[in-house]
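The structure appears below as structure tokens.
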Amino acid sequence: MNALQIQRAGIASSVQDSGRFGMLQMGIPPAGAMDWCALVSGQRQLGHLQDEAAIEVAYGDFVASPTDDCHIVVTGAPVSLSIDHQPVSPTSVHTVAGGQTLDIKAAAAGVYSYLHISGGVATAPQFGSRSTSPREGVGGLNGGYLRNGDVLPIGDFAGREGRADPHLITARTRETLWLRFVPGFQYAALSEPAIKDLLQSDYIVTPKANRMGVTLAGATIETGIQTLLSEATCHGAIQIPPDGQPIVLLNDRQTVGGYPKPGAVIRSDCLRLAQARPGQKIRFALCSPEEADRIQWLEQHYLETRLR
25 MNALQIQRAG
35 IASSVQDSGR
45 FGMLQMGIPP
55 AGAMDWCALV
65 SGQRQLGHLQ
75 DEAAIEVAYG
85 DFVASPTDDC
95 HIVVTGAPVS
105 LSIDHQPVSP
115 TSVHTVAGGQ
125 TLDIKAAAAG
135 VYSYLHISGG
145 VATAPQFGSR
155 STSPREGVGG
165 LNGGYLRNGD
175 VLPIGDFAGR
185 EGRADPHLIT
195 ARTRETLWLR
205 FVPGFQYAAL
215 SEPAIKDLLQ
225 SDYIVTPKAN
235 RMGVTLAGAT
245 IETGIQTLLS
255 EATCHGAIQI
265 PPDGQPIVLL
275 NDRQTVGGYP
285 KPGAVIRSDC
295 LRLAQARPGQ
305 KIRFALCSPE
315 EADRIQWLEQ
325 HYLETRLR
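Last residue of the sequence shown: number 332 in the working numbering, and the count goes up by one each step with no gaps.
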């Protein structure tokens, strides 16, 4: 079996597929690729059809060598890629000989890039997924972020013809990133000043941004909600902790929480938020459930059309 020998793992690289579902009641979050469009794009380019796992690399700085010949492609945040010190296009599929060195350098924009290898990363599935949940110690390789010296097993390649749009990039620079959210049960309980602050204030992404969630900085939101029992959280939930600075929960979120939640950011905007760097300006906007469904359908249709 082919394997990938990691010389430099970067600050937060992990094995991810589309995620682990149906385990929230056991306290296990879904995990999965932060940029699901980039994951699917790479899978299609290599002819993967079984949700083969890739290596999610945060901010680049990843160096590794396969033991056998393979095909690779990098998707997600635009990076510089070299094979044996020779620069190549990261958005193209490349054949890499066993022993050659792959070097993914820092992303020019965005946060998360995905190294796809023909056959996919073949770590043992846990609870139906290979995705890594570091806090729970589940999935991936030894349940945590990759380290220098790790060796990842790579699956057998079926040799299917790949097809996808190599220019499908979601990590783009925007002056303002609008986060559309569907109001939740506690939205109506917010004070009028709190709603005004949430909808009319500028926020910025802080360095406290990771796979669990993104903490924003801006106008302090006084919710007016004094007591609240802990309840289940969802992807994109906007939490307002006691300091009044919103936190948008993402893939590795805690499964329950007791902070007020005005609503949940729609899936496509969570993807863009995950790829936003510290300092990115953020605004919130209301979105009806019907509009959220329509946006999801349109973006899914667009994605499938580009990946045919």
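Glycine residues also receive a C-beta, built at the ideal position from the N, C-alpha and C atoms.
Apart from sequence neighbours up to five positions away, the residues of its chain that approach TYR136 with a beta-carbon distance below 8 Å are ALA57, MET58, ASP59, ALA62, GLU80, VAL81, ALA82, GLY100, ALA101, ALA195, ALA298 and GLN299, ordered along the chain. Per DSSP, the unbroken beta strand (DSSP E) holding GLN110 starts and ends at 110-112. DSSP, reduced to helix, strand and coil, places LYS285 outside both helices and strands of the structure shown, so it counts as coil. Secondary structure at ILE306: strand, using DSSP grouped into helix, strand and coil. For LEU70 against VAL117, the beta-carbon gap comes to about 7 Å, under 8 Å, which counts as contact. Pairing LYS129 with GLY84, the inter-Cα distance amounts to about 5 Å. For THR257, the secondary structure class from DSSP, reduced to helix, strand or coil, is coil. Cα atoms of ARG291 and VAL272: separation of roughly 12 Å, rounded to the nearest angstrom. For PRO231, the CB contacts under 7 Å within the same chain, skipping 5 residues up- and downstream, are PRO302 in chain order. A direct Cα-Cα distance of roughly 5 Å separates TRP202 from ARG307. With contacts defined as CB atoms closer than 8 Å, ILE35 and PHE151 fail to qualify as a contacting pair. Residue environment: GLN263 is assigned as buried (16 or more neighbouring CB atoms within 10 Å of its CB, all protein chains considered).
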